[in-house]
Amino acid sequence: MTRKTWIAASRYFWFGCFFLLLFSNQAHAAYAVIDADSGRLLEEQQAHSSLPPASITKIWTVFIALQEAQTDETVQISQHASNQEGSSVYLEAKEAWSLESLLYATMLQSGNDAAVAVAEHVAGSEEAFATVMNEYAREAGVTSTWFQNPSGLDQDRHYVSAYDMALLFKPAMQDHRFRVIASAKQFRPKERNSLWINKHRLVTNDQALAGKTGYTLAAGRMLISYFE
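If you count by the UniProt record's numbering, then the sequence shown holds residues 1 to 228, one letter each, in order.
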């Protein structure tokens, strides 16, 4: 029997039971489960509704960076990147980091500062990087998604649908470099004496192969997971 793989993208309050756990009293709760090989939609609720994505945005940020740059490149941290609100790995202005370390910081620690540093290095600014994100998203065939920043912080015109996000995760997981980063349980950056643990508990507990969590007040709790 051929082993099946699938991707689940959802927006709801997460209690760690199973990816289809959903509280129906959440007016904007949505989820999509797709076959990771064909992209066929298997299960859904409001799968095509455009909603704020929070930090699952960073899946596309890391994937785009891998298409546009080399992981051994050196990134100079800007004052703007170091001043990002929300989740952070506490980068300091003028520090030099490898792009590889910043990609792990973005995925495993959900560092908004790391995501912005990656975007500025690859495209010169957050705005320019968002343009590249949208170009790749259009090429991937999604229709209910628009990116305005690389971190997922709330902005009026920054939104995805659960189905679109699952579809975007599909080509990302087909990139071996991305797959290694997204499935890592931990990472120790060479620039700092730290051990970063993946915040996605299904990954660290061997229940999912890869994924990303996210949360903002506007978006609520987000989760995208890849299962085999």
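For glycine and all other residues, C-beta sits at the position ideal for the given N, C-alpha and C.
**Ordered list of alpha helix (DSSP H) runs contained in the stretch 134-218, each at least 4 residues** = 162-174, 176-182 and 201-204
**Three-pair Cβ contact test at 8 Å for the stretch 70-79 versus the stretch 95-112** = yes
**Whole-Å CB distance - Ala115 paired with Lys58, under 8 Å assumed** = Ala115 to Lys58, Cβ: 6 Å. Contact.
**Request:** Please determine, among Ala47, Tyr31, Met222 and Ser151, the residue with the shortest C-alpha to C-alpha distance to Thr213.
**Result:** Met222
**Asked** Between which two residues does the beta strand (DSSP E) carrying Val33 extend?
**Response** Ala30 to Asp35
**Asked** When the Cα of Ala140 is compared with those of Phe147, Ser194, Lys170 and His48, which residue comes out closest?
**Response** Lys170
**Item:** Beta-carbon proximity check, Leu66 vs Arg138, cutoff 8 Å
**Value:** Taking 8 Å as the Cβ cut-off, Leu66 and Arg138 do not qualify as a contacting pair.
**Asked** How would you label Ala210, buried or exposed, when you count the other beta carbons within 10 angstroms and need 16 or more for buried?
**Response** By the Cβ-count criterion, Ala210 is buried, with 16 or more other Cβ atoms from all chains shown falling within 10 Å of its own Cβ.
**Prompt:** Buried or exposed: Asp113, going by 16 or more other Cβ atoms within 10 Å of its Cβ?
**Reply:** buried
**Item:** According to DSSP, residues forming a beta bridge with Thr71
**Value:** The partner list for Thr71 (beta bridge, DSSP) is empty, contrary to what the question assumes.
**Message:** If the criterion is Cβ atoms closer than 8 Å, does the pair Ala30 and Ala219 meet it?
**Reply:** no
**At least three beta-carbon pairs within less than 8 Å, the stretch 140-156 to the stretch 116-129** = yes
**Prompt:** Just curious, the beta strand (DSSP E) that Glu44 is in, first and last residue?
**Reply:** Here the beta strand (DSSP E) through Glu44 covers Leu41 to Gln45.
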